[in-house]
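Asks: One structure, pasted below without further comment.
Numbering (my numbering), first residue to last: 25 to 271.
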């Protein structure tokens, strides 16, 4: 994986040579495999602005696992300012399908770009599939024995934030490569699943040991944040969603 300029040297026996210089440069992106044109990324034809980012983040890497992890860190550091109230670039059609305003996302300066988890997850999928790395978008919620859905998180630091706090989520949008792992470029975790200081987003942690429900958090911090007081039996529930079109 890399990007750069491919230069062709040539000699021109003409008075017009001075207008061109002595070489012609062509920008080249070296991707992991061929870009993916299907949902959710829709990267055939590929967007040059997306390739610029993805190839830069993944320079020197090869293989889907390494590229997904690098894109996790890259998107987290550049997506914008986390706003949990609503998506600004992802346009939901139903609970499981929607559109993504990629041109508006690219045209909006990072420091004025407010994003929620659906915005970030959709852009993460686009960045991966531009370099040929497949991604499945997923959402997670939790169901209590009483039937309520939703959960309170461990302390999170959203993209663009400098402080941690817990959130009450009805659901949280992420991505997966195989249905068994979780990639979350939207927020950094204060602790890892072993309870040690982490302060980074999630680059493929196993979702069987999901880190957001206080009864599943191995470090113990989330025990102070039960979404439903007295309920220690929140059950994670995952379902797929996708971007059906870029607009």
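For each residue, glycine too, the CB sits at the ideal point set by N, CA and C. If you're wondering where the values come from, they're calculated on a predicted model, not measured in any experiment.
Closest to residue 92 by C-alpha separation, out of 149, 185 and 162, would be which residue?
Replies: Within the chain shown, the letter at position 68 stands for residue 92. The shortest C-alpha separation from residue 92 is found at 149.
Asks: Beta-carbon separation of residue 134 and residue 111 under 8 Å?
Replies: Here residue 134 refers to the residue found at position 110 when the chain shown is read from its first residue. Here residue 111 refers to the residue found at position 87 when the chain shown is read from its first residue. No, the pair does not count as a contact, with Cβ atoms beyond the cut-off.
Asks: Report the residue from 209, 120 and 221 whose alpha carbon sits nearest the alpha carbon of residue 228.
Replies: Your numbering for residue 228 matches position 204 in the chain shown. With distances taken between Cα atoms, residue 228 lies closest to 209.
Asks: Do residue 214 and residue 188 have their CB atoms nearer than 8 Å?
Replies: Here the question's residue 214 lines up with position 190 in the chain shown. Here the question's residue 188 lines up with position 164 in the chain shown. Yes, they are a contact pair.
Asks: Taking contact to mean at least 3 C-beta pairs separated by less than 8 Å, is the stretch 181-199 in contact with the stretch 91-108?
Replies: Yes, since at least three Cβ pairs between the stretch 181-199 and the stretch 91-108 fall closer than 8 Å, the two stretches touch.
Asks: Grab the span of the alpha helix (DSSP H) containing residue 81 for me, first residue to last.
Replies: Indexing the chain shown from 1 puts residue 81 at position 57. Residues 72-81.
Asks: Going by the CB atoms, is the gap between residue 267 and residue 113 shorter than 8 Å?
Replies: To locate residue 113, count along the chain shown from 1; it is residue 89. To locate residue 267, count along the chain shown from 1; it is residue 243. Result no, Cβ atoms of residue 113 and residue 267 do not sit closer than 8 Å.
Asks: Which residues does DSSP pair with residue 112 in a beta bridge?
Replies: The sequence position of residue 112 within the chain shown is 88, counting from 1. Residue 112 pairs with nothing; no bridge assigned.
Asks: Along the beta strand (DSSP E) that carries residue 224, what are the first and last residues, could you check?
Replies: To locate residue 224, count along the chain shown from 1; it is residue 200. First-last of the beta strand (DSSP E) with residue 224: 221-230.
Asks: Measuring straight from C-alpha to C-alpha, what distance separates residue 84 and residue 62?
Replies: In the chain shown, residue 84 corresponds to position 60, counting from 1. In the chain shown, residue 62 corresponds to position 38, counting from 1. Looking at the two C-alpha atoms, the distance is approximately 26 Å.
Asks: Measuring only the C-alpha atoms, how far is residue 191 from residue 90?
Replies: Here the question's residue 191 lines up with position 167 in the chain shown. Here the question's residue 90 lines up with position 66 in the chain shown. Answer to the nearest angstrom: the Cα atoms are 29 Å apart.
Asks: Based on Cα-Cα distance, which residue from 66, 79 and 159 lies nearest to residue 98?
Replies: Here residue 98 refers to the residue found at position 74 of the chain shown. Among 66, 79 and 159, the Cα nearest to that of residue 98 is on 79.
Asks: Here's a check: name, in chain order, each residue in its chain whose Cβ is nearer than 8 Å to the Cβ of residue 194, leaving out the five neighbours to either side.
Replies: Numbered from 1 along the chain shown, position 170 holds the residue referred to as residue 194. Here the set comprises 165, 173 and 174.
Asks: Between residue 219 and residue 87, what straight-line distance do the alpha-carbon atoms span, to the nearest angstrom?
Replies: Taking the first residue of the chain shown as 1, we reach residue 219 at position 195. Taking the first residue of the chain shown as 1, we reach residue 87 at position 63. C-alpha separation (whole angstroms): 29 Å.
Asks: Below 8 Å on the Cβ atoms is my contact criterion, and I expect residue 55 with residue 207 to pass it. Report the Cβ-Cβ distance as a whole number of Å.
Replies: Taking the first residue of the chain shown as position 1, residue 55 is located at position 31. Taking the first residue of the chain shown as position 1, residue 207 is located at position 183. About 18 Å; that fails the 8 Å criterion.
Asks: Using the three-state DSSP reduction, which class does residue 85 fall into: helix, strand or coil?
Replies: As a first step, residue 85 must be located in the chain shown, where it is residue number 61. Three-state result, residue 85: coil.
Asks: Skipping 5 residues on each side, what residues in its chain have a beta carbon closer than 6 Å to that of residue 262?
Replies: On the chain shown, residue 262 is found 238 positions in, with the first residue counted as 1. Once the five neighbours on either side are set aside, the close Cβ partners of residue 262 are 162 and 164.
Asks: Does DSSP put residue 120 in a helix, a strand or coil?
Replies: Within the chain shown, residue 120 is the residue found at index 96, counting from 1. DSSP places residue 120 in coil when its eight states are reduced to three.
Asks: Can you name, in chain order, every residue of its own chain whose Cβ lies under 6 Å from the Cβ of residue 100, other than the five neighbours on each side?
Replies: For the purposes of this step, residue 100 is identified with residue 76 of the chain shown, where counting begins at 1. Closer than 6 Å at the Cβ level, and outside the excluded window around residue 100, lie 183, 209 and 225.
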